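Using my numbering, the first residue of the sequence shown is number 5, and each one after it goes up by one.
Working notes, beginning with the structure itself.
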Amino acid sequence: MNQTSDDRPQPLDERPEPVRVVVVGAGGMGRAWIRTVLGFPHAHLVGVADVLDGAAARAVEEEVPEARREAVATGIDAVTVAQQAGAEAIIDVTIPAAHHAVTSDALHAGLPVLGEKPCAATLAEAVSLAGHAETTGELFMVSQSRRHNPHLRETRRLADQLGGAGIVDTRFHRAPRFGGFREAMDHPLIVDMAIHAFDAGRVLIDGNPVSVRASSYNPPWSWYAGDAAATVTIAYDTGAVHTYSGSWCAPGRETSWNGEWSLSCPQGSVHWDGEASPTAQPEGAQEIIGRRPDGTDLWELEASLAEFCAALRTGTTPDSEVHSNVWTQAIVEAAVRAADTGRQVQLSEVLDAALEAARQLDSADGRSSALATWKTGSSGLTAQ
């Protein structure tokens, strides 16, 4: 499901009780989520879990105000901590390799999950988690937080006024020196960064992606082992096309971390530099400056948390519910495959392969047989 800026996440009213949550993962991102929950009125931190003994307790000591620490349970197992603390949901901020186990265990324990991107370490595990959500009836939402940027939502609104985005171009040029795992990955840009742009493209474009072409390469001056630059073209079933061109070894004049966006529409164009308000240029008319965010707008992590809490309290389906979010991860999988093979890759191809592998995972696990009813990978995602 795609959203426009008219239905961007809003704060809940004052009536519902705050959702009692446990944050799972006490690293840097986990601590960011702890701070987000502590500052959000409609969520209440009741626990922190981390597989490293003592890590959760240290995070609580360093991030939670002293007066509130005793009320926050800690431990190494997410479900155990959640049950001890009387939690209603968990926020999974573990490493991707742990997402499948942590999320599936929580869902089967009756705990809705808000998970950090990516949905899972592999597309097959992501499809499997969609099945576990169906079996348990619990909500699993993925926090693809950059889709909640108010400027992105305004870009969509302006494009809709001009007839809708038919051609979307994204330029991304940065030169970060991370060190660590990113510099050793085969496709660091596509897998770790371009996923944000692919997901943002889904906010701007109606329909579902159907095919991907991609080429990736590594400039001679690159400090990455794998391909740090790529061009990816994504075709949608509505006829729209999104082209992404990026590099993570582009010193000099850099773009925003959000990239630069140009949208071509039937009645004009829209441009967003990734930082300021977008602008629209209607055909034969004066330029329109988009709405500037104000104090009512929620951003990124807080916006994801607000959408999750609202869904739990109202029964609505968030637009990053697992079945919808799997499409974004499928684009990444297809882009990597297209770059490696030099051919156009159909989304149906990667989703069907993931469905077969997910069925094998679920058969070995024994807790979910929901995927047996899926005719194809794509139909299973769109039937919800």
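Cβ atoms here follow ideal geometry from the backbone N, Cα and C, with glycine treated the same way.
This one's a predicted model, so the numbers in the text were calculated from it and none came from an experiment.
Run of the beta strand (DSSP E) containing residue i, from where it starts to where it stops
| i | result |
| --- | --- |
| residue 231 | Looking at the DSSP string, residue 231 is not in any beta strand (DSSP E), and its letter there is neither H nor E. |
| residue 274 | 272–276 |
| residue 202 | Looking at the DSSP string, residue 202 is not in any beta strand (DSSP E); the run it does join, the alpha helix (DSSP H), is 198–208. |
| residue 171 | 171–177 |
| residue 347 | Note, residue 347: premise wrong, no beta strand (DSSP E); not H, not E. |
| residue 285 | 283–286 |
| residue 93 | 93–96 |
| residue 147 | 144–147 |
| residue 117 | 117–120 |
Proximity winner among the options, relative to residue i (alpha-carbon distances)
| i | options | result |
| --- | --- | --- |
| residue 180 | 340, 261, 220 | 261 |
| residue 233 | 323, 279, 176, 36 | 176 |
| residue 49 | 36, 26, 63, 35 | 26 |
| residue 39 | 22, 69, 292 | 69 |
| residue 84 | 296, 145, 112 | 112 |
| residue 258 | 277, 166, 271, 359 | 277 |
| residue 171 | 154, 188, 301, 209 | 209 |
| residue 279 | 103, 296, 269 | 296 |
| residue 106 | 214, 130, 308 | 130 |
| residue 160 | 143, 193, 267 | 267 |
| residue 204 | 354, 385, 332, 31 | 332 |
| residue 216 | 207, 202, 165 | 202 |
| residue 118 | 298, 368, 29 | 29 |
| residue 24 | 31, 282, 52 | 52 |
| residue 100 | 250, 196, 154 | 196 |
| residue 146 | 368, 315, 248 | 315 |
| residue 96 | 354, 305, 377 | 305 |
| residue 227 | 169, 352, 383, 178 | 178 |
| residue 63 | 35, 385, 254, 71 | 35 |
| residue 244 | 236, 377, 251, 269 | 269 |
| residue 330 | 71, 79, 121 | 121 |
Reduced DSSP category for residue i - H, G, I as helix; E, B as strand; rest coil
| i | result |
| --- | --- |
| residue 14 | Low local confidence applies: a pLDDT of 49 at residue 14 is under 50, so the model's placement there is unreliable, and no value is given. |
| residue 269 | strand |
| residue 310 | helix |
| residue 129 | helix |
| residue 251 | strand |
| residue 6 | Unreliable positioning characterises residue 6 in this predicted model, as indicated by a pLDDT of 44, which lies under 50. The coordinate reading is nonetheless provided below. The answer is coil: DSSP assigns residue 6 none of H, G, I, E or B. |
| residue 22 | coil |
| residue 1 | Residue 1 is absent from the model: the chain starts at 5 and stops at 388. |
| residue 328 | helix |
| residue 218 | strand |
| residue 372 | coil |
| residue 168 | coil |
| residue 337 | helix |
| residue 104 | helix |
| residue 99 | coil |
| residue 304 | helix |
| residue 258 | coil |
| residue 187 | helix |
| residue 279 | coil |
| residue 39 | helix |
| residue 321 | coil |
| residue 141 | coil |
Residue range of the unbroken alpha helix (DSSP H) whose run includes residue i
| i | result |
| --- | --- |
| residue 366 | 351–369 |
| residue 53 | Where residue 53 is concerned, there is no enclosing alpha helix (DSSP H), although the beta strand (DSSP E) it sits in stretches over 47–53. |
| residue 159 | 154–165 |
| residue 78 | Segment 77–79 is the beta strand (DSSP E) holding residue 78; no alpha helix (DSSP H) there. |
| residue 381 | 381–386 |
| residue 70 | 70–73 |
| residue 195 | No alpha helix (DSSP H) holds residue 195; DSSP gives it neither H nor E. |
| residue 89 | 82–89 |
Those residues which DSSP pairs with residue i across a bridge
| i | result |
| --- | --- |
| residue 213 | 240 |
| residue 33 | In the DSSP output, where bridge partners are listed per residue, residue 33 has none listed. |
| residue 235 | 219, 249 |
| residue 291 | Note: residue 291 sits in no beta bridge, so no partner. |
| residue 264 | 175 |
| residue 28 | 53, 96 |
Residue-chain proximity (residue i, chain C), Cβ-Cβ < 8 Å
| i | result |
| --- | --- |
| residue 272 | Looking at the structure shown, chain C is missing, and only one protein chain is on hand. |
Cβ contact check for the stretch 343–353 and the stretch 314–324: 3 or more pairs under 8 Å: Because the criterion of three Cβ pairs below 8 Å is not met, the stretch 343–353 and the stretch 314–324 do not touch.
Sufficient close CB pairs (3 or more, under 8 Å) joining the stretch 126–133 to the stretch 359–368: Output reads yes: the stretch 359–368 touches the stretch 126–133.
Stretch-stretch touch, CB-based, cutoff 8 Å, three pairs: the stretch 186–195 with the stretch 135–144: Judged by Cβ distances under 8 Å, the stretch 186–195 makes no contact with the stretch 135–144, as fewer than three pairs qualify.
Three-pair Cβ contact test at 8 Å for the stretch 279–293 versus the stretch 70–90: They do not touch, by the three-pair rule.
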